[in-house]
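Have a look at the structure below before the remarks.
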Amino acid sequence: MDIWFFSDMQRLSREREAIQNLQENGSWLGGINWRIEKQLCLDTVISVDGNEYPVKLVYPDFFPFVPPTVYPSNANEHWSSHQYYDGALCLEWGPDTWHHDVTGAQVLESAHKLLQIENPLGIEHQLAPSRHYLSAGQILRYEYGRFLVTERLVNYLSDLPGDTKGSFEFTLQWQSKSVIALIQKIRTIGTAIWEDNSLPEGLRGSEAEQTLASGVFYKTQLDYETIEAIANLEELEQLLNEVGYLDGDWEDILDESIFGVLLQDDTDCLHFFLTSNFNNENRLSSLLPVHSRKCLVNPRIPANLHKLPQRTVGIVGLGSVGSKIASSLARTGISSFFLVDEDILLPENICRNVLDWRNVGEHKVDAVAEILSCINSNIKVDVSRINLTGQEANVSLDTVLKKLSKCDLLIDATANHQVFNLLAGIAKNYTKPLVWMEVFAGGIGGMIARSCPQKDPEPQLMRKGYYHYLASIDTQYNDFDMDNYTLENQDGEVIAATDAQVSIIASYATHFATDILQERESSNFPYSMYLIGLAQSWIFKAPFHTIPIATDYLYQQQTTASASSETVTDNLTFLKEILEKKE
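The working numbering numbers the first residue of the sequence shown as 1 and each following residue consecutively.
Printed below as a string of structure tokens:
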């Protein structure tokens with residue numbers, strides 16, 4: 001493992017100089033004390049309006065690919081609403097905004113700005129504006145109970161008149177780390193029974209009917225905040241009594257082992273409460289909504305692969321491509337995985353993912369991990385549900401990157417440039433092979449690439465060579481929608497990549513991966529990058545037209561920055577002093 005402040009002396013000098021300049025030019029920054037714990041740290045004091053805030057700046061192992069973190073020196077102090085559970089301050093520079101040109105000094109400036117705005121130890125306080133945007137996956141990460149809200153359900157309930165009462169039936173799908181309620185039918189007086197026909201037959205047939213639970217539905221004029229404030233069964237009963245919804249059968253309802261209460265507020269938002277009666281004890285649970293924008297209807301393993309169970313594969317992105325690669329590698333013999341994805345599965349994802357309706361609303365990593373565990377009884381799967389380039393705690397990101405750095409092979413199945421940059425940094429610093437791929441819009445083809453240490457150019461150079469090749473092509477192809485793999489043809493038809501087309505690219509990438517993991521002297525693939533045609537389109541003359549892209553010439557551009565002897569001597573002296581001080 002590389003220690004960044006030894007391997008990149010120029011960057012260490014830059015960090016020291018930037019913080020020294022900040023102290024000399026800013027009266028708010030106190031004395032500086034560098035030290036080494038498990039990581040390089042800096043102790044200092046930030047002064048705001050006569051109050052002192054002792055802080056610790058911690059440089060992560062993956063610096064400068066990820067930002068340093070500022071903590072109160074006293075781990076028990078809580079200063080700001082922008083502070084994580086472990087005490088770390090949530091600042092302007094996080095995994096979603098960071099780039100390697102930013103210094104630790106700028107992170108300290110951000111901490112000073114936050115404390116200046118909120119003034120926690122002062123008399124007048126102010127709330128700093130938030131830059132937070134959390135995805136559905138991040139919001140639901142620690143929420144066990146969920147319920148599916150489809151567009152058809154919302155449209156039906158929105159059309160009902162105010163103060164409508166009714167009953168409904170639902171099933172509970174128990175998942176590895178969550179439970180999701182699927183509303184099957186709704187009955188109201190004077191209207192036809194509504195049934196969610198978008199649910200697959202397996203969830204609506206005789207097997208599902210045996211586990212159907214019932215509930216009551218009220219379309220209320222209550223506001224969102226009032227309903228969300230309900231904390232227990234007594235408060236729910238009191239509120240329903242106040243607005244005149246209870247019919248006197250509440251005691252009978254409480255006798256049910258599981259019963260649902262579905263409330264629609266004055267903005268048409270849905271709130272699902274689950275009452276349970278076990279051992280004569282009644283409890284109330286609040287389920288969080290999972291919104292769907294659409295409703296959509298080893299003895300045979302070759303001998304040369306017998307060493308694969310000893311390998312660990314890290315896969316980032318468990319969507320249509322990554323989920324297929326993971327399950328295929330598991331069937332090929334890989335028995336150790338580290339899976340990273342913050343996203344949850346929606347019904348509209350099913351058409352190209354290995355997951356199905358039983359996993360709707362579940363985090364993809366948890367669902368894929370469960371599938372892998374059913375393929376191989378000896379499999380070990382570690383998962384992370386963080387967003388590598390989103391709003392997350394720096395420590396969480398650093399932990400995930402450390403785990404990825406220990407994998408024997410990294411696979412980027414995200415088609416996300418920021419994720420690629422992170423994995424490329426790990427691959428370079430820890431001499432790990434990296435495989436990445438793209439599926440072209442409309443399913444006309446795709447690209448697969450690998451970068452193996454000592455055999456191929458570095459990943460960033462490989463990508464540079466790829467873009468250079470694309471720029472050299474006379475016929476440009478720019479109508480890409482990488483999120484949905486769709487394009488619009490000359491006739492105005494929207495063409496989407498099919499599961500089969502995505503599977504082909506995933507299979508080629510898997511073949512690349514198993515070739516790398518065998519660690520043979522000579523690869524079965526003479527080139528490190530291929531364009532694979534699946535239709536007669538763009539530069540592809542026919543389906544299955546394969547175009548290898550030469551990358552050997554990129555070695556000539558591969559350089560390693562080195563610090564001067566003076567810089568090395570200066571920094572070694574500096575680090576020696578810190579280590580001696582620690583002793």
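Where is the CB? At the ideal position from N, CA and C, for every residue including glycine.
Those residues which DSSP pairs with residue i across a bridge
i, result
"R35", "C41"
"V55", "T44, P72"
"W174", "V179"
"Q83", "L89"
"T312", "S336"
"N282", "N277"
"V381", "F337"
"S451", "L434"
"M529", "A449"
Member of the options whose CA lies at the smallest distance from the CA of residue i
i, options, result
"S584", "L148, L57, Y85", "Given a span of 1 to 583 for the chain in the structure shown, any question on residue 584 remains unanswerable."
"P433", "G26, G314, L274, Y142", "G314"
"L127", "V102, S81, L172", "S81"
"Q175", "E242, K364, D2, S507", "K364"
"V45", "R331, L108, C90", "L108"
"W79", "H112, P95, P60, E228", "H112"
"Q173", "L287, G87, L246, E24", "L287"
"Y218", "E237, T211, L203", "E237"
"G533", "D341, M447, S320", "M447"
"F170", "K177, G162, L182", "L182"
"N359", "L203, S503, L284", "L203"
"L160", "D265, L346, L199", "D265"
"A367", "F259, V354, N376", "V354"
"E392", "I473, V568, E342, M529", "E342"
"E143", "V290, Y469, G465, S537", "V290"
"K185", "Y85, K576, A213", "A213"
"L29", "S7, Q106, I227", "Q106"
"N334", "I36, Y85, T510", "A small fix is needed here, since residue 334 is Ile in this sequence, not Asn. Ranking I36, Y85, T510 by Cα distance to I334 puts T510 first."
"N155", "R293, G190, N25", "R293"
"P309", "F540, D49, Q518", "Q518"
"F5", "P526, C41, S323, G87", "C41"
"I539", "Q221, T97, Y469", "Y469"
"E370", "V395, K402, S323, T399", "S323"
For residue i, three-class secondary structure by DSSP
i, result
"R293", "coil"
"E235", "helix"
"N298", "With a pLDDT of 49 at N298, under the threshold of 50, the predicted position of this residue should be treated as unreliable, and no value is reported."
"F574", "helix"
"G446", "strand"
"F217", "strand"
"R16", "helix"
"T567", "helix"
"S328", "helix"
"I344", "strand"
"V149", "strand"
"L108", "helix"
"T191", "coil"
"F480", "Confidence at F480 is low in this model, with a pLDDT of 49, below 50, so the placement of that residue should be treated as unreliable; the coordinate-derived value is given next. Looking at F480 - three-state DSSP - the assignment turns out to be coil, as it is neither helix nor strand."
"T546", "strand"
"L203", "helix"
"K185", "strand"
"W4", "helix"
"I139", "helix"
"E124", "coil"
"A270", "One detail in the question is off: residue 270 reads as Leu in this sequence, not Ala. L270: strand per DSSP, three-state reduction."
"I411", "strand"
"F62", "coil"
"E118", "helix"
"V243", "coil"
"G166", "strand"
"V395", "helix"
Beta-carbon separation (whole angstroms), residue i vs residue j, contact threshold 8 Å
i, j, result
"L372", "V381", "5 Å"
"T601", "G443", "What the structure shows of the chain is the stretch from 1 to 583, and residue 601 is not part of that stretch, so it cannot be assessed."
"S167", "G244", "Incorrect: roughly 18 Å between the Cβ atoms, too far for contact."
"I325", "L140", "I325 to L140, Cβ: 25 Å. No contact."
"G94", "R385", "Their Cβ separation, rounded to whole angstroms, is 17 Å, which puts G94 and R385 out of contact at 8 Å."
"R11", "P60", "Not a contact, Cβ separation roughly 13 Å."
"G361", "L148", "6 Å"
I'd like to know if the region 315 to 332 and the region 509 to 520 are in contact, where contact means that at least 3 CB-CB pairs between them fall below 8 Å. Contact holds: three or more Cβ-Cβ distances are below 8 Å.
Using a Cβ distance threshold of 8 Å, determine whether the region 430 to 448 contacts the region 398 to 412, with at least three qualifying pairs required. Because the criterion of three Cβ pairs below 8 Å is met, the region 430 to 448 and the region 398 to 412 touch.
Inspect the CB distances between the region 271 to 285 and the region 222 to 236 and report whether three or more fall short of 8 Å. Yes: the two stretches touch, three or more of their Cβ pairs being nearer than 8 Å.
Quick test of the definition: if touching needs 3 or more C-beta pairs under 8 Å, does the region 538 to 545 touch the region 456 to 467? No: fewer than three Cβ pairs fall under 8 Å.
Validate contact between the region 4 to 18 and the region 60 to 72 using beta carbons, cut 8 Å, 3 pairs: The region 4 to 18, when compared against the region 60 to 72, does touch it at the 8 Å Cβ threshold.
Take every Cβ of the region 35 to 55, pair it with every Cβ of the region 115 to 127, and state whether three or more of those distances are shorter than 8 Å. Because the criterion of three Cβ pairs below 8 Å is met, the region 35 to 55 and the region 115 to 127 touch.
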